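**Student:**
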Amino acid sequence: MCGHATRALDDEASRRCDACGHQVWPRVSPAMMVLVRRGRELLLARSPHFRPGVYSALAGFVEPGESLEACAHRETLEEVGVRIANLRWFGSQSWAFPHSLMLAFEADYVSGDIVPEAGEIEDAGWFTPERLPDLPSPGSIAYRLIRAALAR
Ligand SMILES: [Zn+2]
Numbered sequence: 001m002c003g004h005a006t007r008a009l010d011d012e013a014s015r016r017c018d019a020c021g022h023q024v025w026p027r028v029s030p031a032m033m034v035l036v037r038r039g040r041e042l043l044l045a046r047s048p049h050f051r052p053g054v055y056s057a058l059a060g061f062v063e064p065g066e067s068l069e070a071c072a073h074r075e076t077l078e079e080v081g082v083r084i085a086n087l088r089w090f091g092s093q094s095w096a097f098p099h100s101l102m103l104a105f106e107a108d109y110v111s112g113d114i115v116p117e118a119g120e121i122e123d124a125g126w127f128t129p130e131r132l133p134d135l136p137s138p139g140s141i142a143y144r145l146i147r148a149a150l151a152r
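Residue numbering for the sequence shown follows the UniProt record's numbering, beginning at 1 and increasing consecutively.
Written out as structure tokens, the structure reads:
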């Protein structure tokens with residue numbers, strides 16, 4: 001942090017200052033995704049910035065000092081007013097824009113009626129496999145998460 005120019009290292013994704021040894025890595029921001037199940041039904045929601053007709057699992061950025069698990073419970077309660085249990089790890093996907101790492105879970109519904117959070121969730125509901133809305137693009141972890149749940 002002495003103000004000299006840094007240079008990119010060849011053997012890892014970082015930059016280093018040769019004057020003081022300070023080294024920096026690209027920032028990665030963890031984001032959590034959770035697909036809530038209630039029997040055969042899936043809780044899917046629309047963010048105002050989704051393409052028309054598309055619904056997905058709930059998601060949000062992890063706050064400083066918060067565990068992924070706490071984030072899943074908090075976001076679900078905030079975004080749709082629902083309580084969950086039995087978080088199960090699904091998988092992750094690096095998302096270069098802006099610089100997030102999406103960490104995806106499945107969970108079971110416990111209680112609460114869906115109340116979409118104003119400004120964040122345009123609409124949300126319970127969907128059966130027979131009556132699904134449009135889903136996120138097939139390359140996304142959201143799509144794989146939903147498809148995997150439908151396959152069980
Ligand atoms: Zn320096």
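All C-beta atoms in this analysis are idealised placements derived from N, C-alpha and C, irrespective of residue type, glycine included.
Model, not experiment: these values are computed from the prediction.
Could you give the C-beta distance for Gly60 and Arg83, rounded to a whole number, given that I count them as a contact under 8 Å?
**Tutor:** Stepping through the sequence shown from its first residue, residue 60 is reached at position 60. Stepping through the sequence shown from its first residue, residue 83 is reached at position 83. Incorrect: roughly 16 Å between the Cβ atoms, too far for contact.
**Student:** So what's Leu132 in DSSP terms, helix, strand or just coil?
**Tutor:** Position 132 of the sequence shown, counted from the first residue, corresponds to residue 132. Coil at Leu132, not helix or strand.
**Student:** Excluding the five sequence neighbours on either side, which residues of its own chain have a C-beta within less than 7 Å of the C-beta of Pro136, listed in chain order?
**Tutor:** The residue given as residue 136 occupies position 136 in the sequence shown. Excluding residues within five positions, the ones whose Cβ falls inside 7 Å are Val54, Ser56, Ala142 and Tyr143.
**Student:** Would residue 157 and Gly119 qualify as a contact pair, given that the criterion is a beta-carbon distance under 8 Å?
**Tutor:** Only positions 1 to 152 of the chain appear in the structure, and residue 157 is not among them; the question remains open.
**Student:** Whole angstroms is fine: what's the gap from Phe50's alpha carbon to Asp134's?
**Tutor:** As a position in the sequence shown, residue 50 is number 50, starting the count at 1. As a position in the sequence shown, residue 134 is number 134, starting the count at 1. Rounded to whole angstroms, Phe50 to Asp134 spans 11 Å at the Cα level.
**Student:** Rounded to whole angstroms, what is the Cα-Cα separation between Leu42 and Ala151?
**Tutor:** On the sequence shown, position 42 is the one that residue 42 refers to. On the sequence shown, position 151 is the one that residue 151 refers to. Cα-Cα distance, rounded: 12 Å.
**Student:** Taking only runs of the alpha helix (DSSP H) that begin and end inside the UniProt domain "Nudix hydrolase" (26 to 149), which ones reach a length of at least 4 residues, in chain order?
**Tutor:** Fully enclosed alpha helix (DSSP H) runs of 4 or longer: 68 to 80.
**Student:** So what does DSSP say about Ala8, is it helix, strand or coil?
**Tutor:** Here residue 8 corresponds to residue number 8 of the sequence shown, with the count starting at 1. Looking at Ala8 - three-state DSSP - the assignment turns out to be strand.
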